[in-house]
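Those protein sequence lines, which keep their order, are chains A and B.
At position 73 of the first sequence (counting the first as 1) the number is 79 in our numbering, and the numbers step up by one without a gap.
At position 145 of the second sequence (counting the first as 1) the number is 148 in our numbering, and the numbers step up by one without a gap.
Virtual Cβ for every residue (Gly too), placed ideally from N, Cα, C.
If you're wondering where the values come from, they're calculated on a predicted model, not measured in any experiment.
The structure appears below as structure tokens.
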Amino acid sequence: MINKKVANVEEALKGVTDNITCMVGGFGLSGIPENAIAQLVKLGIKGLTCISNNAGVDDFGLGLLLQKHQIKKMISSYVGENDEFERQMLSGELDVELIPQGTLAERCRAAQAGFPAIYTPAGYGTEVAEGKETREFDGKMYVLEHAFKADFAFVKAWKGDAAGNLIFKGTARNFNPVMCGAAKITVAEVEELVPLGTLDPNQIHIPGIFVQRIFQGNHYEKRIEQRTVRQRN
Amino acid sequence: MLDKIGIAKRIAKEVKNGYYVNLGIGIPTLVANYVRNDIEVEFQSENGVLGMGPFPFEGEEDADVINAGKQTITTLPGASFFDSAISFSMIRGKHVDLTILGAMEVAENGDIANWKIPGRLVKGMGGAMDLVASAENIIVAMMHTNKAGESKLLKRCSLPLTGVGCVKKIVTNLAVLEVTDKGFKLLERAPGISVEAIKEATEGTLIIEGDIPEMDINN
């Protein structure tokens, strides 16, 4: 077993400097690496380029980094829940690249899988495709989208072991698996770091080869954005 | 004139046995409530779940089980969770049979705009561009006119596009329309709405052939 375990978030984020590009897992506030984000805030890292589907809400998730103006550029698909984000974007303080959600996923996956670029039909004929190569396959038009290049990927899983193997829970899986191994260093935080050998190899979602550092996270808030319920009859 | 629930009820009739369906945020989400219960349908949410069920009972919400609108949901027997790449493989790979989504504008050639009002509202496209670029069967659910009373069914979209030539059918509070080579073909009128009223509210080319029946929104 190649040991990926580090003692804590401080050790996990060693080497993080200003102006890096990082992938951050999660959809909305579900499955976000809460500990890594808190540490980036604490370290006061500036000039970040973040590749993340959303930008958190004003006071949680990546919103915590936005509040402190630590993010220079966001690459996201949907940013509707964050007033501070919208303010910084419309005022020009924050550079924003909005891209289709499936394209975001596939540009991560391409980096993970060793493809320099992929063709997707998403965004053809829209401003998203402006300045990009397009090509026809079987009578349909596609846009060439390049793999992301990132320094760090911060992901969050449900369970993991010292080998770096990961299992995700529910829809908190989302972008986390496609970001593993898509950056130079993948840092995985888990709710439960279990003893080696206790995860069933048949059930592993992400094999440890895609993860460089793993640690047990603390104090997960797991905030719900839209609490919707039905009444019992 | 229909309300949002009426629109959802009418669209629910387009959902057929054996369909995998992706529902957008807003009116489309309501469609799930009105699908006949004697057919088998699975709802996909692009954040990574197939086999979505209703909202959870109070006290049973799980932060790790949400839909694309970030609402807490439940899953039904046979459901599955997956990552974002697999989710969009289902969508781009045409494994999803029907996509229902909202729009700010639809043009008579099937173009759709629903993600950005330059300088004013920029929320992003989420999964909409992937959905409209790939789905063979796209129904738009929207009000016929905007808050200022202007038509949302146009000759050409004025807002930045989400996709080109992709919308097949539109269900509004006034009408059911099909996008054809020649423009919007009026298929049905909402209860109590005249053809004249629909003409009035439609900026794009409207094709009216023969008697236009009134919608039946009951299953």
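Can a CB atom of chain A be found closer than 8 Å to the CB of residue i?
| i | result |
| --- | --- |
| B:Thr148 | no |
| B:Val38 | no |
| B:Lys126 | yes |
| B:Pro216 | no |
| B:Gly29 | no |
| B:Pro57 | yes |
| B:Arg95 | yes |
| B:Met4 | no |
| B:Ile142 | no |
| B:Met145 | no |
| B:Met107 | no |
| B:Ile120 | no |
| B:Val75 | The question names Val, but residue 75 of chain B in the sequence shown is Thr. Chain A, which has a Cβ nearer than 8 Å to the Cβ of B:Thr75, makes this yes. |
| B:Glu64 | yes |
Is it buried or exposed for residue i, if we count other Cβ within 10 angstroms and need 16 for buried?
| i | result |
| --- | --- |
| B:Asn149 | exposed |
| A:Arg141 | exposed |
| A:Asp65 | exposed |
| B:Glu199 | exposed |
| B:Gly195 | exposed |
| A:Phe143 | exposed |
| A:Phe174 | buried |
| A:Pro127 | buried |
| B:His147 | buried |
| A:Lys138 | exposed |
| B:Ile120 | exposed |
| A:Pro122 | exposed |
| A:Glu87 | buried |
Any beta carbon from chain B within less than 8 Å of residue i's own beta carbon?
| i | result |
| --- | --- |
| A:Glu40 | no |
| A:Gln107 | yes |
| A:Phe66 | no |
| A:Gln2 | Residue 2 of chain A falls outside the range modelled here, since chain A spans only 7 to 239, and no answer is possible. |
| A:Arg115 | yes |
| A:Gly98 | no |
| A:Arg93 | no |
| A:Asn246 | This structure cannot speak to residue 246 of chain A, because chain A is shown only from 7 to 239. |
| A:Thr132 | yes |
| A:Asn180 | yes |
| A:Val193 | no |
| A:Phe160 | no |
| A:Thr204 | no |
| A:Gly166 | no |
| A:Ala128 | yes |
Cα separation between residue i and residue j?
| i | j | result |
| --- | --- | --- |
| B:Gly168 | A:Ile191 | 42 Å |
| A:Asp242 | B:Val170 | Outside the displayed range of chain A (7 to 239) lies residue 242 of chain A, so it cannot be described from this structure. |
| A:Pro213 | A:Ile38 | 20 Å |
| B:Leu26 | B:Glu49 | 9 Å |
| A:Asp101 | A:Gln218 | 29 Å |
| A:Phe216 | A:Gly170 | 8 Å |
| B:Ile215 | B:Lys97 | 33 Å |
| A:Gly21 | A:Ile220 | 15 Å |
| A:Ser36 | A:Pro201 | 25 Å |
| B:Gly129 | B:Thr165 | 10 Å |
| A:Ile210 | A:Asp167 | 10 Å |
| B:Asp114 | A:Val149 | 18 Å |
| B:Gln47 | A:Asn208 | 25 Å |
| A:Val227 | A:Ala18 | The sequence as given places Glu at residue 227 of chain A; Val does not occur at that position. Between A:Glu227 and A:Ala18, the C-alpha separation is close to 20 Å. |
| A:Lys48 | A:Gly67 | 14 Å |
| A:Ile105 | A:Ala116 | 15 Å |
| B:Glu191 | A:Gln232 | 35 Å |
| B:Ala35 | A:Thr177 | 19 Å |
| A:Gln107 | B:Gly54 | 20 Å |
| A:Asp157 | A:Ala189 | 5 Å |
| B:Lys73 | A:Gly34 | 6 Å |
| B:Leu209 | B:Ser197 | 14 Å |
| B:Thr183 | B:Gly207 | 12 Å |
| B:Ala11 | A:Glu90 | 33 Å |
| B:Ser83 | B:Leu5 | 35 Å |
Given that residue i touches chain E, what residues does it touch there, using C-beta distances under 7 Å?
| i | result |
| --- | --- |
| A:Ala111 | Among the chains of the structure shown, chain E does not appear; the protein chains present are A and B. |
So, do the segment 177-188 of chain A and the segment 9-16 of chain A have three or more beta carbon pairs nearer to each other than 8 Å? no
Three-pair Cβ contact test at 8 Å for the segment 120-131 of chain B versus the segment 175-188 of chain B: no
Taking 8 Å as the cut-off, does the segment 12-31 of chain A touch the segment 151-163 of chain A (at least 3 CB pairs, one atom from each stretch)? yes
Below 8 Å, how does it come out for the segment 43-50 of chain A and the segment 62-73 of chain A: are there three or more Cβ pairs, yes or no? yes
Does the segment 53-65 of chain A come close enough to the segment 79-93 of chain A to have 3 or more Cβ pairs within less than 8 Å? yes
Entirely enclosed alpha helix (DSSP H) segments - the segment 71-110 of chain A, minimum 4 residues: 89-96
Could you tell me whether the segment 13-23 of chain B touches the segment 34-47 of chain B, where touching means 3 or more Cβ pairs closer than 8 Å? yes
Are the segment 130-140 of chain B and the segment 182-189 of chain B touching by the rule of at least three beta carbon pairs closer than 8 Å? no
Which runs of the alpha helix (DSSP H) at least 4 residues long sit entirely within the segment 161-203 of chain B? Give them in chain order. 198-203
Any chance you could list the alpha helix (DSSP H) runs of at least 4 consecutive residues sitting entirely within the segment 67-98 of chain B, in chain order? 87-95
Quick check: the segment 146-160 of chain B against the segment 95-111 of chain B, are there 3 or more CB pairs under 8 Å? yes
Kindly provide the ranges of any alpha helix (DSSP H) runs that are 4 or more residues long and lie completely inside the segment 28-56 of chain A, ordered along the chain. 40-49
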